[in-house]
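> Under our numbering, the first residue of the sequence shown carries the number 10, and numbering increases by one thereafter.
Even glycine gets a Cβ: it sits at the ideal position worked out from N, Cα and C.
Note that this is a predicted model, so its numbers are computed, not measured.
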Amino acid sequence: MTIRMSRRKFAVLSGAALLAPPALAQTDASLVTRAIPSSGERLPAVGLGTAQVFDTANEATRQKVAVVLQALIARDKLFIATKLEEPDAAELKRSLARLKTAQVDLLQLHNVRNPRQSLAQFKDWKAQGMCRYIGITSTFHGDFAAIESVLGREKPDFVQIDYSLDERTVEKRILPLASEVKAGVLTALPFGRGRLFRAVRGKEIPDWGRVFADSWARFFLKYLLSDPRITAVIPGTSDPAHMTDNLGAMRGPLPDADQRLRMVAFIETL
Ligand SMILES: NC(=O)c1ccc[n+]([C@@H]2O[C@H](COP(=O)([O-])OP(=O)(O)OC[C@H]3O[C@@H](n4cnc5c(N)ncnc54)[C@H](OP(=O)(O)O)[C@@H]3O)[C@@H](O)[C@H]2O)c1
């Protein structure tokens, strides 16, 4: 993917994910933005995860990708997050070359499994200016204990974790620790790889939900964004209309505590 970037960046690109309309974030005070805890830098709260839907050889999908990016990017300013499986210098070099940049905004260690995993190399790369922030990721619940160990000991700037309206395990174990160590949180799989849309197929948004969400995507994303510990959601999409839909979750009211409980009760009845 060819991405033009200027020095200031705002979107979140993860594994090939991109992001949010920075220009909007700067000019529209009503958009939901969040401060990165370790720096105070503000990001638009909706980005784009490209790890699944963009990883395809299908030409029609690849052509749609360019339009998705146009829907997302008001200017050529992106906050780019990428991931490495290991602290492997050669792989980082290849990744930077593919992204056509000397620096990514966020460099994440992907799928942390070892509770003793060191982030020393990632910290060195940050000191050398190859990334501005470092993070860790996992969507494997069996590895959450390892994530907690590394998060608590190494205190990365970000943790990227599985969180959606119908998969709320992290509310009890990862989010409190992230808050304690001042790590920003990116939610991977905010739609459970589309599982949530399948659960509500043929159903209308209830009236009490229409107060804050006029589409199911916004309903699902606003549940996540109404938790102040969430820095950004990074849903995947290869559909430009869906990208615009998802970005709309940054507008209008967010559900309050009572409405959040109602959302959980609603999804649990399906
Ligand atoms: N360990 C890790 O670090 C890890 C693991 C997994 C995922 N992730 C991150 O999470 C990101 C998202 O994961 P994902 O894409 O697999 O799952 P997802 O965001 O939960 O769901 C994507 C699915 O939702 C659909 N969708 C998106 N917006 C929609 C809308 N407005 N209306 C209806 N359908 C919509 C997409 O279809 P369309 O294409 O038709 O829109 C796609 O099928 C990845 O790109 C990656 O960055 C990280």
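1. My guess is that L263 and K231 are in contact by the Cβ rule of under 8 Å, so how many angstroms apart are they, rounded?
2. Name the two residues that bound the continuous alpha helix (DSSP H) containing T253.
3. At what residue ranges does the region 65 to 128 contain a whole run of the alpha helix (DSSP H), taking only runs of 4 or more?
4. Report the residue from Q169, A136, R141, L81 whose alpha carbon sits nearest the alpha carbon of L118.
5. Going by C-alpha to C-alpha distance, which of I143, R207, V242, G257 sits closest to S173?
6. Can you find at least 3 beta carbon pairs, one from the region 104 to 122 and one from the region 88 to 95, that sit closer than 8 Å?
7. Starting from I143, follow its DSSP beta bridges and name the residues at the other end.
8. DSSP three-state label for I156, please.
9. Would you say the region 187 to 206 touches the region 37 to 46, given that touching needs at least three Cβ pairs under 8 Å?
10. Does L52 come out as helix, strand or coil in the three-state DSSP assignment?
11. A197: buried (16+ other C-beta within 10 angstroms of its C-beta) or exposed?
12. So is F149 buried or exposed if we call it buried at 16+ other beta carbons inside 10 Å?
13. Roughly how many angstroms separate the alpha carbons of G221 and M259, rounded to a whole number?
14. Please report the straight-line C-alpha distance between A192 and T240, rounded to a whole angstrom.
15. DSSP state of D216, grouped into three classes?
16. Rounded to a whole number of angstroms, what is the C-alpha to C-alpha distance between P30 and G161?
17. Under 8 Å by Cβ, that's how I've got V209 and L279 pegged, so tell me the actual separation to the nearest angstrom.
18. Do you know how far the Cα of F153 is from the Cα of F167?
19. Taking C-alpha atoms, which residue in T146, P199, R107 lies nearest to R126?
20. Among residues of its own chain, excluding the 5 on either side of Q61, which ones have a beta-carbon nearer than 6 Å to its beta-carbon?
21. Verify whether the separation of the beta carbon atoms of G257 and R227 is less than 8 Å.
Working from what's here:
1. 5 Å
2. 249 to 256
3. 68 to 81, 98 to 108
4. Q169
5. V242
6. yes
7. L116
8. helix
9. yes
10. strand
11. buried
12. exposed
13. Looking at the sequence provided, one finds Phe at residue 221 rather than Gly. Cα-Cα distance, rounded: 11 Å.
14. 9 Å
15. helix
16. Its pLDDT being 45, under 50, P30 is placed unreliably in this model, and the coordinates cannot settle the point.
17. 7 Å
18. 15 Å
19. Strictly speaking, residue 126 in this sequence is Gln, with Arg absent from that position. Closest option to Q126, Cα to Cα, is T146.
20. G245
21. yes
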